[in-house]
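Numbering (the working numbering), first residue to last: 20 to 341.
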Ligand code: UDP
């Protein structure tokens, strides 16, 4: 297959590129970001890197016309980004997604859309099935612009599906692994990792009893690959994650244990210290993964302990070299 991955030089996209190249597919990555995560693929004849944007409509049209399948992963992701720049979040995630869907519709190319567990907001009834309610806060709280933008993207996917476009939506749950962001920014893993490397205390927001289901990147990639191979999941939305629920306190303790001797301890902080105003945490986030298992045939294989061991090891090496 010839595959276009928008946002293919990002965390998920770079791992997906690896997996597709390893399976013998031809990969076109369209990405505005740094090349660092896909540099190792540049020598591969089947890998094509285009440093440009989903707002370059002519380019997007040309690329879409020559592939069989489009993974749309280009997005503004990460709490600090969407709290800092709601305009960019909404523009890229809504208008950018529409550009991709329009081009795909023109050439009738199948689309796999990368969505997020954020769309459920803070619905207290876990685990979340794909047709469960979305429970969001006020539009004056910036955090919700990301969930809203991704939900609009999903609505566009379903609208195009009604018009005949083959499209599948995947909702990712806290995926982590090598190449996730830079340390000190982004997700809780990279923030704690930066703190461990500096011997600083791990900042737990609130009481640390909020939970997440951390999904190792190879499990998420397997779900993406399977979704791309199975046209029978057109029109479906599927949670991608593990049901292993972990509190942030347990997560911090496990990272401390796996990192080994360090000066870091645990420090409980007020959420404004980390995010400033305009942020609202989600107390529990757990997927129901029945559809992932039955429709995609994917079972998460990497435990949190094993995944964290690998990821910590990777970041250690990476930051020793730089
Ligand atoms: N978190 C934390 N300390 C930090 C950064 C994040 O305790 O320094 C918490 C955050 O409040 C949230 C969880 O870790 O409850 C996961 O945060 P992340 O930004 O990784 O992703 P989210 O799941 O909230 O989108």
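The C-beta atom is built at its ideal place from N, Cα and C for all residues, glycine as well.
Sort out for me which residues DSSP pairs residue i with in a bridge.
i           : result
residue 22  : 46, 88
residue 266 : 230
residue 129 : 88
residue 66  : 46
residue 223 : 287
residue 235 : 195
Between the options, which has its C-alpha nearest residue i's C-alpha?
i           : options            : result
residue 161 : 67, 49, 45, 100    : 100
residue 197 : 25, 157, 338, 39   : 338
residue 280 : 236, 57, 189, 219  : 219
residue 226 : 300, 38, 148       : 300
residue 243 : 59, 228, 187       : 187
residue 331 : 112, 108, 276      : 276
residue 76  : 51, 207, 307, 122  : 122
residue 21  : 236, 129, 176, 95  : 129
residue 80  : 322, 257, 125      : 125
residue 318 : 265, 269, 53, 234  : 234
residue 180 : 253, 191, 207, 166 : 253
residue 230 : 215, 256, 306      : 306
residue 139 : 194, 267, 91, 258  : 258
residue 86  : 105, 103, 23       : 23
residue 146 : 263, 328, 271      : 263
residue 236 : 265, 314, 273, 192 : 192
residue 171 : 108, 33, 328       : 108
residue 274 : 151, 328, 120      : 328
residue 98  : 260, 271, 166, 119 : 166
residue 255 : 204, 313, 323, 210 : 313
residue 39  : 245, 203, 74, 214  : 245
Under the rule that 16 or more other beta-carbon atoms within 10 Å means buried, what is residue i, buried or exposed?
i           : result
residue 289 : exposed
residue 64  : exposed
residue 250 : exposed
residue 50  : buried
residue 37  : buried
residue 169 : buried
residue 143 : exposed
residue 287 : exposed
residue 173 : buried
residue 212 : buried
residue 206 : buried
residue 247 : buried
residue 10  : With the chain running from 20 to 341 in the structure shown, residue 10 is simply not present.
residue 182 : exposed
residue 296 : exposed
residue 10  : Residue 10 is absent from the structure shown; the chain starts at 20 and stops at 341.
residue 62  : exposed
residue 106 : exposed
residue 59  : exposed
residue 56  : buried
residue 350 : This structure cannot settle anything about residue 350, because the visible part of the chain is limited to 20 through 341.
residue 116 : buried
residue 150 : exposed
residue 134 : buried
Could one say the Cβ of residue i lies closer than 8 Å to chain D's Cβ atoms, at least one of them?
i           : result
residue 296 : Note that chain D does not occur in the displayed structure, where there is just one protein chain.
Those runs of the alpha helix (DSSP H) which lie wholly inside the segment 131–219 and span at least 4 residues: 162–181, 207–217
Whole alpha helix (DSSP H) elements within the segment 253–310, 4-residue minimum: 267–278, 290–294
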